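Converting from the sequence shown to our numbering requires adding 91 to each position, the first position being numbered 1.
Here is the structure we will look at, set down as structure tokens.
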Amino acid sequence: MFDHRDALYSLDQHVPLQEKLCCAHDMVKESFPFVARIAITLYDTDTRTLKTYLHSSGDDDPLSHYETSIDNAPSLKEILEKGRPRVVNNLVTFENGKHEHTRRIGRHGYAASYTMPIFDSGIFVGFLFFNAREADVFSDKVLGQIDVYGHLIALMVVHELGTLGTLNAALQTAGHITHVRDPETGSHLDRMSRYSRLIAKELAGSYDLNDEYIERVFMFAPLHDIGKIGIPDDVLLKPGGLDRDEMATMMTHARKGRQMIDNILANFGLDALSDIDVLRNIAEFHHEAVNGSGYPDGMRGDEIPLEARIVAVADVFDALTSRRCYKEAWSNEDTFATLRQLAGEKLDRDCVDALISRQDEVESIQRRFQEMVYD
Numbered sequence: 092m093f094d095h096r097d098a099l100y101s102l103d104q105h106v107p108l109q110e111k112l113c114c115a116h117d118m119v120k121e122s123f124p125f126v127a128r129i130a131i132t133l134y135d136t137d138t139r140t141l142k143t144y145l146h147s148s149g150d151d152d153p154l155s156h157y158e159t160s161i162d163n164a165p166s167l168k169e170i171l172e173k174g175r176p177r178v179v180n181n182l183v184t185f186e187n188g189k190h191e192h193t194r195r196i197g198r199h200g201y202a203a204s205y206t207m208p209i210f211d212s213g214i215f216v217g218f219l220f221f222n223a224r225e226a227d228v229f230s231d232k233v234l235g236q237i238d239v240y241g242h243l244i245a246l247m248v249v250h251e252l253g254t255l256g257t258l259n260a261a262l263q264t265a266g267h268i269t270h271v272r273d274p275e276t277g278s279h280l281d282r283m284s285r286y287s288r289l290i291a292k293e294l295a296g297s298y299d300l301n302d303e304y305i306e307r308v309f310m311f312a313p314l315h316d317i318g319k320i321g322i323p324d325d326v327l328l329k330p331g332g333l334d335r336d337e338m339a340t341m342m343t344h345a346r347k348g349r350q351m352i353d354n355i356l357a358n359f360g361l362d363a364l365s366d367i368d369v370l371r372n373i374a375e376f377h378h379e380a381v382n383g384s385g386y387p388d389g390m391r392g393d394e395i396p397l398e399a400r401i402v403a404v405a406d407v408f409d410a411l412t413s414r415r416c417y418k419e420a421w422s423n424e425d426t427f428a429t430l431r432q433l434a435g436e437k438l439d440r441d442c443v444d445a446l447i448s449r450q451d452e453v454e455s456i457q458r459r460f461q462e463m464v465y466d
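Take a look at the structure:
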């Protein structure tokens, strides 16, 4: 009675979404062996940017760590506008296409493509791609069956993102309280999360980071100071410098942040989410210093989780280049010079170098997310 093995058993287990995607791809290949790759791209509504997220093709990934404006992808933009999938049964011309992503796909030998838009209750989430190495394989009969797999995969993605969205909503609601009490700018979180993403993308090759990890850093970076909710007003809002006891109180926000996150995860039943330690580490360890002088644990160098080292650099850069009630904004040039001085002492050198190497993109983020000071 129990001899049958469920081929999609892993979809019910607590495994990363990447593993579930690969499992679904294995099932697709049993019926359609020509499908060589399934990939997912997410859409950032704030910047109208498409970002690579997951794929099932292992090391054969033509679009790793890639992003582009949807306005620079007119064929994908047309899919979104029509709200319907698109079939391209011959990609021979893509190698000489006008856009980098089409040329990359063509150079990797993909001969046909089926693209489905992903929606969540009518809200556009991103795109799902089925790529084949043979031309003219996506017939109407094939598409009728692949659509089932496509919607199954899309539901997995929407569920994962929805779960993360619930978590983010809970944490951001708490975080908003922090930033109403703490005289920071509302756009600080928009900027520093995107600086964090820039750093992670630049480090991806040398640290073997995938797009899912990079997206987690981007999503969780704004929650780094959530523990400040637990700091009394007479310390958090003190206009002058803090004395030793007050500084000791302020430093407890890192541990308080971790405790708050653990409580929220437990209360929402989300503590088993994959990569959730990225969030915990950002909240607890973003004030550690590579020379061991930071807090709360005095970690050194690589003992500090990479995501915490990334967020530390992004946070310091934005704090220095932003206007506050007690200081004027520093220029980017002066701030980069200071970061170089702090590299290898307080801040991770690779993370500093990564941010400095993306100066054009840093300036673009600053233009898009300008100061909005809470009164």
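Virtual Cβ for every residue (Gly too), placed ideally from N, Cα, C.
Remember, predicted model here, so these are calculated numbers, not experimental data.
Inset, instruction - Helix, strand or coil for F309, going by three-state DSSP, please let me know. - result: Taking the sequence shown and counting its residues from 1, one reaches residue 309 at position 218. The answer is helix: DSSP assigns F309 an H, G or I state.
Inset, instruction - Report the rounded CA-to-CA distance for I373 versus I395, giving the unit in angstroms. - result: Taking the first residue of the sequence shown as 1, we reach residue 373 at position 282. Taking the first residue of the sequence shown as 1, we reach residue 395 at position 304. If you take the alpha carbons of I373 and I395, they lie about 10 Å apart.
Inset, instruction - Give me the Cα-Cα distance between V404 and L145, rounded to the nearest whole angstrom. - result: In the sequence shown, counting from the first residue as 1, residue 404 sits at position 313. In the sequence shown, counting from the first residue as 1, residue 145 sits at position 54. Looking at the two C-alpha atoms, the distance is approximately 26 Å.
Legend entry - Range covered by the alpha helix (DSSP H) that runs through P330: Along the sequence shown, read from residue 1 onward, the residue named residue 330 stands at position 239. Per DSSP, P330 belongs to no alpha helix (DSSP H) and is neither H nor E.
Inset, instruction - Compare the C-alpha of T140 against each of E462, Q350 and D162 and name the closest. - result: Counted from its first residue, the sequence shown places residue 140 at position 49. It is D162 whose Cα lies nearest to the Cα of T140.
Legend entry - Inter-stretch contact at 8 Å, needing at least 3 Cβ pairs: the segment 226–238 / the segment 116–131: yes
Inset, instruction - Please report how far the alpha carbon of P387 lies from the alpha carbon of D334, in whole angstroms. - result: Taking the first residue of the sequence shown as position 1, residue 387 is located at position 296. Taking the first residue of the sequence shown as position 1, residue 334 is located at position 243. Distance between the alpha carbons of P387 and D334 is about 18 Å.
Legend entry - Status (buried if at least 16 other CB within 10 Å, exposed otherwise) for G318: Here residue 318 refers to the residue found at position 227 of the sequence shown. Buried, because 16 or more other Cβ atoms sit within 10 Å of the Cβ of G318.
Inset, instruction - Take L397 as the anchor and find which of L361, F376, Q109 and I355 has the nearest alpha-carbon. - result: Here residue 397 is taken as the residue at index 306 of the sequence shown, counted from 1. For the residues L361, F376, Q109 and I355, the minimum Cα distance to L397 belongs to F376.
Legend entry - Identity of the residue in Y201, Y134, I305 and E225 nearest D211 by Cα: To locate residue 211, count along the sequence shown from 1; it is residue 120. Selected option, being the one with the closest Cα: Y134.
Inset, instruction - Would you mind working out which of R459, C114, A127 and Y157 sits nearest N301, comparing C-alpha positions? - result: By one-based count along the sequence shown, residue 301 stands at place 210. Ranking the options by Cα distance to N301, first place goes to Y157.
Legend entry - Unbroken beta strand (DSSP E) run spanning H146, endpoints: Translated into positions along the sequence shown, residue 146 becomes position 55. Here the beta strand (DSSP E) through H146 covers T140 to H146.
Inset, instruction - Have a look at L112 and L182 and give me their C-alpha separation to the nearest angstrom. - result: Counted from its first residue, the sequence shown places residue 112 at position 21. Counted from its first residue, the sequence shown places residue 182 at position 91. Cα-Cα distance, rounded: 24 Å.
Legend entry - Test item: CB-CB of P208 and F221 under 7 Å: The residue you call residue 208 lines up with position 117 of the sequence shown. The residue you call residue 221 lines up with position 130 of the sequence shown. In this structure, F221 does not lie closer than 7 Å to P208 by Cβ.
Legend entry - Option in D409, V443 and R440 with minimal Cα separation from Q457: As a position in the sequence shown, residue 457 is number 366, starting the count at 1. Selected option, being the one with the closest Cα: D409.
Inset, instruction - Under 8 Å by Cβ, that's how I've got S278 and P313 pegged, so tell me the actual separation to the nearest angstrom. - result: The residue you call residue 278 lines up with position 187 of the sequence shown. The residue you call residue 313 lines up with position 222 of the sequence shown. With 8 Å as the limit, S278 and P313 do not qualify as a contact, their Cβ atoms being about 11 Å apart.
Inset, instruction - State the DSSP-derived secondary structure class of D135, mapped to helix, strand or coil. - result: For the purposes of this step, residue 135 is identified with residue 44 of the sequence shown, where counting begins at 1. Three-state DSSP puts D135 in a strand.
Legend entry - Exposure of A291, with buried meaning 16 or more beta-carbon neighbours within 10 Å: Position 200 of the sequence shown, counted from the start, is the residue given in the question as residue 291. Its Cβ being crowded by 16 or more others within 10 Å, A291 is buried.
Inset, instruction - With DSSP collapsed to three states, give me the class of L258. - result: As a first step, residue 258 is located in the sequence shown; it is residue number 167 there, counting from the start. Here L258 sits in helix by DSSP.
Inset, instruction - Tell me, to the nearest whole angstrom, how far the beta carbon of T138 is from that of R459; I am working on the premise that it is less than 8 Å. - result: Indexing the sequence shown from 1 puts residue 138 at position 47. Indexing the sequence shown from 1 puts residue 459 at position 368. Confirmed, Cβ separation roughly 7 Å.
Legend entry - Segment contact, 8 Å Cβ cut-off, at least three pairs: the segment 447–456 with the segment 415–433: yes
Inset, instruction - Return the Cβ separation of A127 and S148 in integer angstroms, given the expectation that the two are a contact with Cβ distance under 8 Å. - result: Residue 127 sits at position 36 when you count from the first residue of the sequence shown. Residue 148 sits at position 57 when you count from the first residue of the sequence shown. Their Cβ separation, rounded to whole angstroms, is 6 Å, which keeps A127 and S148 in contact under 8 Å.
Inset, instruction - Could you tell me which residues DSSP pairs with R391 in its beta bridges? - result: Here the question's residue 391 lines up with position 300 in the sequence shown. For R391, which the question treats as bridged, DSSP gives the partners N382.
Legend entry - 7 Å CB neighbourhood of S413 in its chain, flanking five on each side removed: Taking the first residue of the sequence shown as position 1, residue 413 is located at position 322. Within the same chain, S413 has close Cβ partners T276, H279, A420 and E462.
Inset, instruction - Would you kindly check if the distance between the Cβ of L361 and the Cβ of L258 is under 7 Å? - result: In the sequence shown, residue 258 corresponds to position 167, counting from 1. In the sequence shown, residue 361 corresponds to position 270, counting from 1. Yes, Cβ-Cβ distance for L258 and L361 is below 7 Å.
Legend entry - Where K173 falls, given that 16 or more other Cβ within 10 Å makes a residue buried: As a first step, residue 173 must be located in the sequence shown, where it is residue number 82. Classification of K173: exposed, given that the 10 Å Cβ count is below 16.
Inset, instruction - Determine the DSSP secondary structure at T206, reduced to helix, strand or coil. - result: As a position in the sequence shown, residue 206 is number 115, starting the count at 1. Correct three-state label for T206: strand.
Inset, instruction - Take S166 and list the residues in its own chain whose beta-carbon comes closer than 6 Å to its own, dropping the five residues that flank it on each side. - result: As a working mapping, residue 166 is identified with position 75 in the sequence shown. Here the set comprises nothing.
Legend entry - Spatially closest choice to K437 from G383, V179, D231 and I352, by CA coordinates: For the purposes of this step, residue 437 is taken as the residue at position 346 of the sequence shown. For the residues G383, V179, D231 and I352, the minimum Cα distance to K437 belongs to G383.
Inset, instruction - May I ask you to list the residues that DSSP assigns as paired with R349? - result: Taking the sequence shown and counting its residues from 1, one reaches residue 349 at position 258. DSSP lists no partner for R349.
Inset, instruction - Could you give the DSSP three-state label for V464: helix, strand or coil? - result: Taking the first residue of the sequence shown as 1, we reach residue 464 at position 373. Note that V464 scores 48 on pLDDT, short of 50, meaning its location in the model is unreliable and no value can be drawn from it.
Inset, instruction - Round the Cβ separation of G180 and A130 to the nearest angstrom and send it over; I've been treating them as touching at under 8 Å. - result: On the sequence shown, position 89 is the one that residue 180 refers to. On the sequence shown, position 39 is the one that residue 130 refers to. Looking at the sequence provided, one finds Asn at residue 180 rather than Gly. About 18 Å separates the two Cβ atoms, so there is no contact after all.
Inset, instruction - Taking the CB atoms as reference points, tell me whether I170 and T206 lie closer together than 7 Å. - result: On the sequence shown, position 79 is the one that residue 170 refers to. On the sequence shown, position 115 is the one that residue 206 refers to. Their beta carbons are under 7 Å apart, which means I170 touches T206 by this criterion.
Legend entry - Extent of the continuous alpha helix (DSSP H) run through T412: Translated into the one-based positions of the sequence shown, residue 412 becomes position 321. Residues L397 to T412.
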